[in-house]
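All remarks here apply to the structure that follows.
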Amino acid sequence: MTKFVVVPQWQGSGSSRAMQLIDGAEAIRGDLPTAATTLVHVPTEAGEALDTDIRRASSLVTTAELQRQALVGIDEPVITIGGDCGVELASVGEALRRDPGIAVVWFDAHGDLNTPLSSPSGSFSGMVARALTGEGAAMLLPQAPLDPARLVLVGVRDLDDGELAHIEERGIPMVSSVMTSAAEVVAAVEATGADRVYLHVDVDVLDPAVIAGVSSAVPFGLELGTLLDCITALRARFGFAGAGVTGFSPGSPDAAADDLGTILRIIGAISREPKPDSTNPTGVTP
């Protein structure tokens, strides 16, 4: 049975809707199997920066440690439900500790590639992908950093100038949201040389016409069918190291219900064991 860890963290977000990330995580948790789900009790306080230039850093550090404790003794890959994207620090960090050679496929409208010095907001959710590669405040870095060449950005379309420069400088692979196909995404991961993948899905990777419950909607996102095809193809082609689904911040309980079917389809695609066709092992339609 798939294991889920729910982390209703909001402290990494800089949005005015940050607190609604709690509601989003709890709405998803209500549809997960209770016996397979662990809830991480996120600190209620906002927290202090701790001289890091990262807003609420103390609460982020505490939550990351609580996540790591929740993962102790779980041998199979886990699907983490956020909360903001900062929850991936512990989840991807644990996957990297087990296998530093994995690729991380970052389905997200944003690159999350700032540092504490370059970030315009000081919010950790906009730094977490950079932190995973070993750059940032020491207290919010993984034990085993990710090779930037094995961070594959998919659907990213809102980047700061510094993030764009960093992508070019470090050769980070990037698949555009405009012409994304499952075959392109599989090929980009194959080019990294990795044989196992971690899938990060911030639901704002979807087009705003598909989902309303996001704190920072960006036009020209992925269609749901495209995202599901990509996930299915990646699961069929590569070993599975884990996944995270983040960024659901519904405006109201009714709005949460409207979007929940879309999110559960994403979780279903991630958790479904692949059944590749022996004549087409990638699962990608020729």
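Numbering (our numbering), first residue to last: 36 to 321.
Where is the CB? At the ideal position from N, CA and C, for every residue including glycine.
These numbers were taken from a predicted model, which means no experiment stands behind them.
Distance, residue j Cα to residue i Cα
i           : j           : result
residue 252 : residue 213 : 16 Å
residue 142 : residue 81  : 27 Å
residue 41  : residue 182 : 27 Å
residue 170 : residue 177 : 10 Å
residue 95  : residue 158 : 11 Å
residue 209 : residue 185 : 11 Å
residue 282 : residue 60  : 9 Å
residue 317 : residue 88  : With a pLDDT of 48 at residue 317, under the threshold of 50, the modelled position of that residue is not reliable, and no figure is offered here.
residue 314 : residue 111 : For residue 314, the predicted model reports a pLDDT of 39, less than 50, meaning its position is unreliable; a value from the coordinates is still stated below. Spanning the two alpha carbons is a distance of roughly 28 Å.
residue 163 : residue 289 : 30 Å
residue 133 : residue 277 : 11 Å
residue 179 : residue 168 : 9 Å
residue 101 : residue 54  : 19 Å
residue 90  : residue 49  : 9 Å
residue 201 : residue 148 : 8 Å
residue 272 : residue 97  : 36 Å
residue 193 : residue 215 : 16 Å
residue 250 : residue 129 : 27 Å
residue 243 : residue 199 : 23 Å
residue 77  : residue 204 : 36 Å
residue 57  : residue 224 : 32 Å
Expected contact under 8 Å - CB spacing of residue i and residue j to nearest Å
i           : j           : result
residue 262 : residue 241 : 6 Å
residue 73  : residue 99  : About 15 Å; that fails the 8 Å criterion.
CB of residue i within 9 Å of CB of residue j, strictly
i           : j           : result
residue 303 : residue 231 : no
residue 227 : residue 144 : no
residue 234 : residue 279 : yes
residue 247 : residue 293 : yes
residue 239 : residue 256 : yes
residue 306 : residue 37  : yes
DSSP bridge partner residues for residue i (one or two, in chain order)
i           : result
residue 103 : Its beta-bridge partners do not exist; DSSP assigns none.
residue 236 : 142, 280
residue 109 : Paired residue(s): none; residue 109 is not in a bridge.
Within the chosen definition, does the region 106-118 reach the region 140-156 through at least 3 CB pairs nearer than 8 Å? no
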